[in-house]
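All residue numbers for the sequence shown refer to my numbering, where the first residue is 15 and numbers rise by one. Where is the CB? At the ideal position from N, CA and C, for every residue including glycine. Every value quoted in this text rests on a predicted model; they were computed, and no experiment measured them. One structure is given here, and the rest of the page talks about it.
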Amino acid sequence: MVHNASAITANGQDMWRSSPFPTGLSRQKSMTFRCMKHNENLIMTESEGELFDLFGLKRENVLQKRIEDIFPKEIADFKKEMYERALNGESLTYESELNGIPFLAAIGPIYDKDGTVSEVYGFCVDLTERVSVETQLAESEQRFRSLMDHNIDALFSLDLDGKFTTVNKACSTLSGYSEKELLNMTFNPFMLPDRRAAAIDQFKDALEGNSKMYETRIKQKNGETRQIMFTLTPIIVLNKVLGVFGIAKDVTAKREAEKELRETKDLLESVIYHSSDAISVVHLTDFSVKVNPAFEFIYGWSEDDLANMTSHILPVVPEDKVAESDRLMTIVKHGGYVKGVETIRLTKSGKRLNVSLSLSPIYGENGEVVALSAISRDITDKKLKEKALKESEEKYRIIAENTTDLVGVVDLEGNVKYVSPSNRLLLGFDPSLYDGKKIQGFFHSDDRAKVRMAMNEMVQTQKPVKFEVRCKHAHGHWVTLEANATPIANDSDQPDSFVVVARDLTERKKTEEMLRKSDKLSVLGQLAAGVAHEIRNPLTSIRGFLQLLQSRASENEDYYEIMLSEIDRINSIVGEFMLLAKPQAMNFVQTDLRQLLRHVISILDTQAILTNVQIYFESEHDLPEIWCVDNQIKQVFVNMLKNAIEAMPTGGSVHIHLKKEGGYVIASFIDHGCGISEERLPTLGEPFYTTKEKGTGLGLMICYKIVENHHGKILINSKIDEGTTFSILLPIDKNKPVS
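Next comes the structure, spelled out in structure tokens:
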């Protein structure tokens, strides 16, 4: 806050004694006050007048109060300074402001009879009206200057000779000259030679008192030209023209836009005229209609036929579609758009057409919707094709979803597009699992290259291909499928996907394997029948003579032992042949498998000790007896335990577990040997297939046959370098085979 103070007179004592206040001041809102000093404090002793109330003061908060208790600190400090000077004999005036009200104050000393100053007397006058006039004048000047400085148009004034007297910044921007350069120039240099005379005429007309607006082209300082719209107004003071005030607006971009708009309009009209889609425009005020040639070609109505319309609903709209049309029109009237709505329209002959309809609003100058544009495309043929395709797809969908074969659609990148519900039955997975997945991920790794080659052949030849592939089942095992893949061509007659129909070969493979093994066993049985008798008798004679020679010879004892051992081995193989060749009597009895296994362990315990193998046996209590041919099951257990011991030539441990599960008993033989590869597991049990150096494969084959005759099953689980588990499942009830 600014306070201005000055001494009124050098002899303030004489002024206040004779006439304290000028009489003219009392005509404005004013107030008087008195102040005295008491105990070093300045105390307000009296205050009254209209200005007192205007300040918002109350007498009880002012009288007999200290100055610092009445006013804010900044004002109080200033008043105390002024009052102290008055107490020292000075008469002062100052301008200040309190609560937003400007005022003029005059203060001076009041003397006692002895000539000493006892009080300060003051008089304040409201200066609001004076400040208001000054403020309005300053604001008017600021508005004019702001109008000049911040106007985006170039504003200028010219004297009677056409010389610039005032310019704003926009003039410099438009012309390229600085304000200083412009104030030393006339408007002539800006005018192009062929337009200068016309510009002078416009200027002279304005000097005659006429306001003018015209458009011309000017040259900038850099030599470029711009299209300018000028407004010239005479400057008249006391009925005398002193110059011209001007406004220059750059309309170059606007004119170029208008030119582009005209070109766009011409192009749009050409597009509409030559469009193969039916286009119509209906005005909402007079319902006049504009249509293109395609509209007349498709519907049969010309523009003349549609004259004198009384509604925006054209005759192409059938009665059953009027409500729909009204609803769509309402959307567009409110500024919305309708795109690609499939509906029905009528030709002049009454034929119903399937069309794709798009509606859009056309706006007027004031931004309101004044007309509606409709674009319709005849899709009757397309709808017929879609209907036929839909019916065809529905037929194939019914077939695909009800066939037991697996049906799938895959694109050329291997992405699954469709899998039939039969997948749940064949592979155990829900069809949704395959959505967007690569089909290769569900194939066995060894089959992927083969399938890729088949797919490449199909794409190149565009002919169906057939192949076998293993697919992962939800339970973890692999299912062999026979697949037929047929390419699907796109609109360009190029394959972009293929349909696969696959059938489970598991049962067929099992049947073929059973037949193969049956044939092999049949041949083996026939061979055994002929060979056993032919070999065993000579072997008996040879062994007898070898023993006789051994008893008489004292040298080469080791050779005799080797020959006898090999003859015994041949005799053992012949015995196994005989077992296959002759039907065995099946004498089922109830047998305690725990006792049977303990006996088998006692037989092979010595062999286990010699190879540093420990045998551990665990069995559930209350294990039921089973019906079996005990000698044959004993032979199976001996073979299993012997194989487990021989699988660990450097020592180890064999664990035998006996437990009941469901309707059968499981005997498991677990070794920690070298293991058997996954590829070799399916061939175990075949004649003459063995993993041992001196084995024949007949022992395990006979075990399979014995367990099969007992309606049981042998399961094998093995991992390389971890070991093998043989599990023999035997039914408790001999009439209920293991499933």
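Inset, instruction - Could you say which of P745, L695 and K719 lies nearest to K733 if we only look at CA atoms? - result: Here residue 733 refers to the residue found at position 719 of the sequence shown. Nearest neighbour of K733 by Cα position, chosen from P745, L695 and K719, turns out to be L695.
Legend entry - Beta-carbon proximity list for F443, same chain, < 7 Å, skipping 5 on both sides: Taking the sequence shown and counting its residues from 1, one reaches residue 443 at position 429. Taken in chain order, the residues that qualify are N437 and A488.
Legend entry - Contact set for Y448: own chain, Cβ-Cβ below 8 Å, skip 5 residues either direction: Taking the first residue of the sequence shown as 1, we reach residue 448 at position 434. Within the same chain, Y448 has close Cβ partners G422, V430, V433, N437 and F456.
Legend entry - Nearest-angstrom Cα separation, counted from H725 out to L578: The residue given as residue 578 occupies position 564 in the sequence shown. The residue given as residue 725 occupies position 711 in the sequence shown. Going by the C-alpha atoms only, they are around 39 Å apart.
Legend entry - Option in S132, L426 and P116 with minimal Cα separation from P123: Numbered from 1 along the sequence shown, position 109 holds the residue referred to as residue 123. The residue with the shortest Cα to Cα distance from P123 is S132.
Inset, instruction - Report all residues from its chain with a CB closer than 7 Å to the CB of T494; omit the five preceding and five following residues, and keep chain order. - result: Start at 1 with the first residue of the sequence shown, and residue 494 comes out as number 480. Excluding five sequence positions before and after T494, the CB atoms of its chain that fall closer than 7 Å to its own CB belong to E482, R484, L519, T520 and K523, given in chain order.
Legend entry - Assigned secondary structure, A321 (DSSP; H/G/I helix, E/B strand, else coil): As a position in the sequence shown, residue 321 is number 307, starting the count at 1. If DSSP states are grouped into helix, strand and coil, A321 belongs with coil.
Inset, instruction - Specify whether the stretch 641-650 and the stretch 663-677 touch according to this definition: at least 3 beta carbon pairs, one from each stretch, less than 8 Å apart. - result: No, because fewer than three Cβ pairs between the stretch 641-650 and the stretch 663-677 fall closer than 8 Å, the two stretches do not touch.
Legend entry - Residues bridged to C138 [DSSP beta-bridge criterion]: Stepping through the sequence shown from its first residue, residue 138 is reached at position 124. DSSP lists M45 and A119 as partners of C138.
Legend entry - Start and end residues, beta strand (DSSP E) containing Q241: Position 227 of the sequence shown, counted from the first residue, corresponds to residue 241. Per DSSP, Q241 belongs to the beta strand (DSSP E) from T239 to V251.
Inset, instruction - Tell whether a beta-carbon distance below 8 Å holds between G136 and I121. - result: Walking along the sequence shown from the start, residue 136 turns up at place 122. Walking along the sequence shown from the start, residue 121 turns up at place 107. Contact flag set, yes.
Inset, instruction - Check the Cβ-Cβ distances between P116 and every residue of chain D, and say whether any is below 8 Å. - result: Checking the listed chains, one finds no chain D in this structure; it contains a single protein chain.
Legend entry - Cutoff 6 Å; reference N368; Cβ partners in own chain excluding five residues on either side: Walking along the sequence shown from the start, residue 368 turns up at place 354. Once the five neighbours on either side are set aside, the close Cβ partners of N368 are I393, T394 and K397.
Inset, instruction - Measure how close the beta-carbons of C49 and Y125 come, nearest whole angstrom, since I'm counting them as under 8 Å. - result: Taking the sequence shown and counting its residues from 1, the one referred to as residue 49 is at position 35. Taking the sequence shown and counting its residues from 1, the one referred to as residue 125 is at position 111. Rounded, the Cβ-Cβ distance is 15 Å, inconsistent with contact.
Legend entry - Which of helix, strand or coil DSSP assigns to V643: For the purposes of this step, residue 643 is taken as residue 629 along the sequence shown, with counting starting at 1. The DSSP-derived three-state label of V643 is coil.
Legend entry - Short Cβ contact (8 Å threshold) for I684 with T739: Position 670 of the sequence shown, counting from 1, holds the residue named residue 684. Position 725 of the sequence shown, counting from 1, holds the residue named residue 739. With contacts defined by Cβ atoms closer than 8 Å, I684 and T739 form a contacting pair.
Inset, instruction - Count the C-beta pairs between the stretch 164-174 and the stretch 261-277 that are closer than 8 Å, then say yes if the count reaches three, no if not. - result: Yes: at least three Cβ pairs fall under 8 Å.
Inset, instruction - Compute the Euclidean distance between the alpha carbons of E153 and E143, then round it to the nearest angstrom. - result: Within the sequence shown, numbered from 1, the residue matching residue 153 stands at position 139. Within the sequence shown, numbered from 1, the residue matching residue 143 stands at position 129. For E153 and E143, the distance between alpha carbons rounds to 15 Å.
Legend entry - Run of the alpha helix (DSSP H) containing I345, from where it starts to where it stops: For the purposes of this step, residue 345 is taken as residue 331 along the sequence shown, with counting starting at 1. Start and end: V336 to K347.
Inset, instruction - Quick one: grab the DSSP three-state call for S40. - result: Sequence index remark: in the sequence shown, residue 40 carries index 26 (1-based). For S40, the predicted model reports a pLDDT of 42, less than 50, meaning its position is unreliable; a value from the coordinates is still stated below. Collapsing the DSSP output to three states places S40 in a helix.
Legend entry - Close Cβ partners of E62 (< 7 Å) along its chain, the five nearest in sequence each way excluded: Sequence index remark: in the sequence shown, residue 62 carries index 48 (1-based). The answer, listed in chain order, is M45 and T46.
Inset, instruction - Would you mind giving the Cβ-Cβ distance between L112 and F69, rounded to the nearest angstrom? I have them listed as a contact below 8 Å. - result: Within the sequence shown, the letter at position 98 stands for residue 112. Within the sequence shown, the letter at position 55 stands for residue 69. Sure, about 5 Å apart at Cβ, within 8 Å.
Inset, instruction - Grab the span of the alpha helix (DSSP H) containing T107 for me, first residue to last. - result: Counting from 1 along the sequence shown, the entry for residue 107 is found at position 93. For T107, no alpha helix (DSSP H) segment is defined; the enclosing uninterrupted segment is the beta strand (DSSP E) at L106 to L112.
Inset, instruction - With a cut-off of 8 Å on the beta carbons, I'd call V465 and E471 a contact; round off their distance for me. - result: Counted from its first residue, the sequence shown places residue 465 at position 451. Counted from its first residue, the sequence shown places residue 471 at position 457. Incorrect: roughly 11 Å between the Cβ atoms, too far for contact.
Legend entry - Of the residues D340, L373, E338 and G364, the one placed nearest G354, counting alpha carbons only: Here residue 354 corresponds to residue number 340 of the sequence shown, with the count starting at 1. Considering only alpha carbons, the answer is L373.
Inset, instruction - Just grab the DSSP bridge partners of N498 for me. - result: Taking the sequence shown and counting its residues from 1, one reaches residue 498 at position 484. For N498, DSSP records a beta bridge to K480 and V515.
Inset, instruction - Starting from the Cα of I640, find the closest Cα among Y630, K673 and Y228 and give me that residue. - result: For the purposes of this step, residue 640 is identified with residue 626 of the sequence shown, where counting begins at 1. Among Y630, K673 and Y228, the Cα nearest to that of I640 belongs to K673.
Legend entry - Local conformation of C717 per DSSP, three classes: By 1-based counting over the sequence shown, the position of residue 717 is 703. Three-state DSSP puts C717 in a helix.
Inset, instruction - Helix, strand or coil for K673, going by three-state DSSP, please let me know. - result: Your numbering for residue 673 matches position 659 in the sequence shown. In the structure shown, K673 sits in a strand (DSSP, three-state: E or B).
Legend entry - Span of the beta strand (DSSP E), counted from its first residue to its last, around T130: What you label residue 130 is simply residue 116 of the sequence shown in a count that begins at 1. No beta strand (DSSP E) holds T130; DSSP gives it neither H nor E.
Legend entry - Enclosing alpha helix (DSSP H) for V76 [first to last residue]: Counted from its first residue, the sequence shown places residue 76 at position 62. No alpha helix (DSSP H) holds V76; DSSP gives it neither H nor E.
Inset, instruction - Work out the CA separation of D606 and D636 for me, nearest whole Å. - result: Translated into the one-based positions of the sequence shown, residue 636 becomes position 622. Translated into the one-based positions of the sequence shown, residue 606 becomes position 592. One C-alpha to the other measures close to 11 Å.
Legend entry - Those residues which DSSP pairs with I261 across a bridge: For the purposes of this step, residue 261 is taken as the residue at position 247 of the sequence shown. Answer is L169 and T245.
Inset, instruction - Would you tell me roughly how many angstroms separate the C-alpha atoms of K87 and E195, rounded to the nearest one? - result: Here residue 87 is taken as the residue at index 73 of the sequence shown, counted from 1. Here residue 195 is taken as the residue at index 181 of the sequence shown, counted from 1. If I take the Cα positions, the gap works out to 53 Å.
Legend entry - CA-to-CA distance, R157 to K279, given in whole angstroms: The residue you call residue 279 lines up with position 265 of the sequence shown. The residue you call residue 157 lines up with position 143 of the sequence shown. Their backbone Cα atoms lie some 43 Å apart in a straight line.
Inset, instruction - Look at L618 and V652 and say whether their C-beta atoms are less than 8 Å apart. - result: Position 604 of the sequence shown, counted from the start, is the residue given in the question as residue 618. Position 638 of the sequence shown, counted from the start, is the residue given in the question as residue 652. The answer is yes: Cβ separation under 8 Å.
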